[in-house]
Amino acid sequence: MKTANRFKKKNQHTAEISTASLPDIVFLLLFFFMVSATIKTKEEMITVEIPKAQALTKVDQKSLLREISIGLPKNSRYGSSPSIEAGGRIISLEELPQWGIEQREQLPEAQKDQMIILLRADEHVSMGLVSDVQEKLKEINARKILYRTLKETGS
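See the structure below:
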């Protein structure tokens with residue numbers, strides 16, 4: 073009987089943490105990170121002066137749009153001649169068909185043949201480069217090409 077008393081547990085008081093203010097703390101942290109976070113904007117690598125047009129067409133299915141820009145590079149390390157920007161990077165004319173195939177693969181199976189290329193070409197870029205881009209896109213059967221323009225005012 074003596075051994076039973078030796079293993080007897082002592083009364084221990086446990087400290088309890090109040091969780092009543094926990095939702096307030098979580099909300100304050102969430103609010104802090106929402107306010108302090110910066111939203112990353114799409115940084116364009118080339119400058120494009122969009123030409124003006126008399127007739128404009130609006131695209132309803134924006135999920136089918138893939139954008140290519142042609143213009144002068146903003147950074148001198150990319151050279152001083154007109155360049156092609158697609159997917160946030162400068163690509164060569166030879167890389168354009170591969171880029172188009174990659175973009176088509178991202179679309180759902182039923183919409184792969186409906187991909188629309190939106191071409192933002194600087195109005196001072198030679199039409200020869202724009203024509204070369206069109207020819208490369210024809211190689212991968214990308215036939216729906218639209219040009220981004222601004223509405224001409226006061227005609």
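Numbering (our numbering), first residue to last: 73 to 227.
Yeah, the Cβ is synthetic: ideal placement off N, Cα and C, and Gly gets one too.
- Here G160 carries a coil assignment [DSSP, helix/strand/coil].
- Judged by beta-carbon spacing, P154 lies within the 7 Å limit of V197, meaning their Cβ atoms are closer than that value.
- L209 counts as buried, since at least 16 other C-beta atoms from the protein chains shown sit within 10 angstroms of its C-beta.
- Here the alpha carbon of F103 sits roughly 10 Å from the alpha carbon of D96.
- Measuring C-alpha to C-alpha distances from S135 to each of L168, A182, F99 and T91 identifies A182 as the nearest.
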